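Everything below concerns the one structure shown next.
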Amino acid sequence: MAVVSKSLNGYSMRHRLFVTVICLVLATTLVSSISLYVDSASIDVWNEQIEIGPVSMMVSGDGVKDVLDEISEIPGVMNASGLDSAHGYITRRNIVFAFERSGNVYALSDEYLEKFPTMFTLDRGRWPQNESEIAIPVDLANQAFIGPGWQVNYSYGQSHPLTLLTIVGTYKQTSSDLYSYYYYSSIAVVVESWLDANTTRTRAYMNVDKSPINPFNANEALRYLNDISEQVRRLYPGYPEELAFSGFTITDYLSSGILNYIDWRNSARSEQLGRCAGVILMVLIMVVLAVQYNMSDRKYETSFLRARGATERRIEFLIVRELMALAALSGTLGVFFGIITSRLALASTAYLQFNLSLLLTSPLLVTQDTILLILIVSFGLPALAYSAIKFASSGRKRVEEGRGRLGKLSAGMRIVKWDMGILLLSLALMFVFSTSITVVQRNPIYSLILSYLPIPIYLAVGSLVMKGLQKGTNSFSNIASKALGKIPSSIGVRRIGKSSQSA
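The opening residue of the sequence shown carries number 52 in our numbering; numbering runs sequentially from there.
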């Protein structure tokens, strides 16, 4: 081959590839390091939020006791057991150690104690076995300075007289040690016959399989738990065929913890990215410059290929293939450097002070949101920059206005079509995100896009205004000539048009 393009020589090609890769690697590293740091730091929050005790869900409502077997057969439910409770009073009229307490009184079954042995744990003594015995919480026993062998008065209503019962044990309840999750703490445990029939309620306590639940995909964990909850609701007679709402109320403690984790993670990621607004702008600039430089450096090569008979589609395919290959390489390297940078951030204990042991011992978590964000930066932004540059370069041509109104309108629409398209798309996205459901608004990717949507709106409106000043000088001059005169208005408006064009 007699003619060899200088872009095909080793130095020029290596220089182009090197500059493009460096810019894309820096962009991916900046974004991935921030997101990976937030993900890894959120593991402690995840462990804290899902440590809710032995009960994952509680079901209340009329007829719960009749569907306990069906609840146990739902896929994903490990254990399910009913627990009867009623309102009651315990008092002690002794002058020195007098007290009075009202609240929930429970009757523990052997099945419940077997399936949930850590919900109620004995501190001293034993559980009551007949109507003359009672067990009280440890905190109440300590406050009243009483314990096994002492006696208290028990009643479950004003119409029921006080009955003297002997304390045979003291216990601890899991709910009092953790969050205020399991309704409210009990005041006593008695045999079932001592529960008030008018206020007795059965609640089903469930423990679900937690193996599908992990911080990598917290939204999928929520869908898994919501599916179990919906299957429980469908056990209520008539729902959803005849009733709009199920009579079963489900308190999902595990979902509440996962939602708290998602809110914390999204808030932390948005806060970090918001504090790095300059970094995000730098990322966009580096991506655009990398793609622009790559395309500019290939102009001689594309001209050479075009002269050799290559089609425009073939040339564009070669450019896009090279950009995507460089994007894949840059994304891989950027994630690697992002992991190293995030580890350094986790190991930082003070300004320029690091605990090197944390580099190896700190947990590493890469969530689906981070993977999606990395893919957007690695492939989406270069593709978007390439498309924008192609559209901008292809739109630089002289538009001849037609003589009729339709021709002028068509010419004007060709000038502003991309500005109007960007403006309408940005406004539509802002409206959709603002009116979307909570699950969509919680997504950090959508939140990040929403926070930067005003920028393209501002640029599109500014571009429309400048183009309006450039193309509307004659119309403005004719309108102003009636008040200012033909010559002053013509000179002044044309100066405005030239100023807007130079801007």
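Here a beta-carbon is modelled for each residue, glycine too, at the ideal position from N, C-alpha and C.
This structure is a prediction, so every number in the text was calculated from the model and none was measured.
- Taking all protein chains in view, the Cβ of VAL156 is crowded by 16 or more other Cβ atoms within 10 Å, so the residue is classified as buried.
- Scanning its chain for C-beta atoms nearer than 8 Å, with the 5 sequence neighbours on each side dropped, one finds around VAL417 the residues LEU87, ASP90, PHE267, in chain order.
- The DSSP-derived three-state label of GLY289 is coil.
- Taken through DSSP and simplified to helix, strand or coil, ASN193 comes out as helix.
- The beta carbons of THR250 and SER111 sit no closer together than 8 Å.
- With respect to ILE238, LEU164 sits apart: the two C-beta atoms are not nearer than 8 Å.
- By the Cβ neighbour-count rule, TYR509 is exposed, with fewer than 16 other Cβ atoms within 10 Å of its own.
- Contact between ILE218 and PRO188 does not hold, since their C-beta atoms are separated by about 11 Å, which reaches or exceeds 8 Å.
- Rounded to the nearest whole angstrom, the C-alpha separation of ASP260 and THR169 is 17 Å.
- Annotation: the continuous beta strand (DSSP E) that includes LYS223 extends over 214-224.
- Distance check between ASN98 and each of LEU356, GLY139, TRP315 places TRP315 closest, using alpha-carbon atoms only.
- CA-to-CA, the gap between PHE484 and SER477 works out to about 11 Å.
- If you compare the alpha carbons of ASN193, MET129, SER244 with that of ASP135, the shortest gap goes to SER244.
- Here ILE279 has ILE125, GLY127, VAL128, VAL259 as same chain residues with Cβ atoms under 7 Å from its own Cβ, once five neighbours each way along the sequence are excluded.
- Taking 8 Å as the upper bound for CB-CB distance, ALA255 and ALA131 are in contact here, some 6 Å apart.
- Between the alpha carbons of PRO291 and ASN277 lies a gap of roughly 16 Å.
- Here PRO179 is buried. Its C-beta has 16 or more other C-beta atoms within 10 Å.
- Out of LEU426, SER318, ILE391, the CA that lies nearest to the CA of LEU409 is found in ILE391.
- Between ASN345 and ARG65, the beta carbon gap of about 13 Å keeps them out of contact (Cβ cut-off 8 Å).
- In this chain, TYR207 is not harboured by any beta strand (DSSP E), its DSSP state being neither H nor E.
- Counting the other CB atoms within 10 Å of its CB gives GLY139 a total of 16 or more, which places it among the buried residues.
- Non-local beta-carbon contacts of ILE309 in its own chain, meaning distances under 8 Å to residues more than five positions away in sequence, involve GLN100, ILE101, ILE264, ALA269, ALA272, LEU273, LEU276 in chain order.
- Just so you know, the alpha carbons of ILE440 and VAL106 end up roughly 57 Å apart.
- Rounded to whole angstroms, the Cβ separation of VAL72 and LEU380 is 6 Å, and the two are in contact under 8 Å.
- Under the three-state reduction of DSSP output, HIS211 falls in the coil class, being neither helix nor strand.
- Take LYS166, set aside five residues on each side of it, and the residues of its chain with a beta-carbon closer than 6 Å to its own are ASN130, SER132, in chain order.
- Straight-line spacing of the CA atoms in SER297 and SER306 works out to 19 Å.
- Runs of the alpha helix (DSSP H) spanning 4 or more residues and lying entirely within the stretch 298-345 occur at 304-326, in chain order.
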